[in-house]
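> Here it is, the structure, as structure tokens.
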Amino acid sequence: MCMLPKRKPTRLREFDYNSGGAYFLTVCVKDRQPLLSTIVGRDVLDAPQTRLTNYGVVAERQIRQMNEMYEHVLVEGFAIMPDHIHILLVVQNGTSG
25 MCMLPKRKPT
35 RLREFDYNSG
45 GAYFLTVCVK
55 DRQPLLSTIV
65 GRDVLDAPQT
75 RLTNYGVVAE
85 RQIRQMNEMY
95 EHVLVEGFAI
105 MPDHIHILLV
115 VQNGTSG
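Numbering (the working numbering), first residue to last: 25 to 121.
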């Protein structure tokens, strides 16, 4: 059995996570495999950009649909990286659905 390192709690003890607010989420691919995108344009005159893989395209489509699927949830922004996704999510009125 794989022994995972002990992690510090990332949640505030006194905070009610059922309440509304802005949340910054990071979702990682299992084993941090670069399945979602690739980084392109790394020379001096070309700023790096991500090119989505088929998995990344599906993830982007699902993230964009969240605004339509959930009345009290708003995706303010997101970034799809090769092995993880960052999402800025706003939950209004203390409910997510």
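Quick reminder that beta carbons are idealized off the backbone N, C-alpha and C, glycines included.
Computed from a predicted model, the values in this text were never measured in an experiment.
Compare the beta carbon distance of L76 and S61 with 8 Å and say whether it is the shorter of the two.
Taking 8 Å as the Cβ cut-off, L76 and S61 qualify as a contacting pair.
> Which residues share a DSSP beta bridge with R75?
T62
> Do P58 and P106 have their beta-carbon atoms positioned less than 8 Å apart in this structure?
Yes, the pair counts as a contact, with Cβ atoms nearer than the cut-off.
> In this structure, does DSSP put R31 in helix, strand or coil?
coil
> Nearest-angstrom Cα distance between F39 and T74?
35 Å
> Under the three-state reduction of DSSP, which class applies to V115: helix, strand or coil?
strand
> Could you give the residue range of the beta strand (DSSP E) that holds F102?
V97 to I104
> Mapping DSSP to helix, strand and coil, what is G44?
coil
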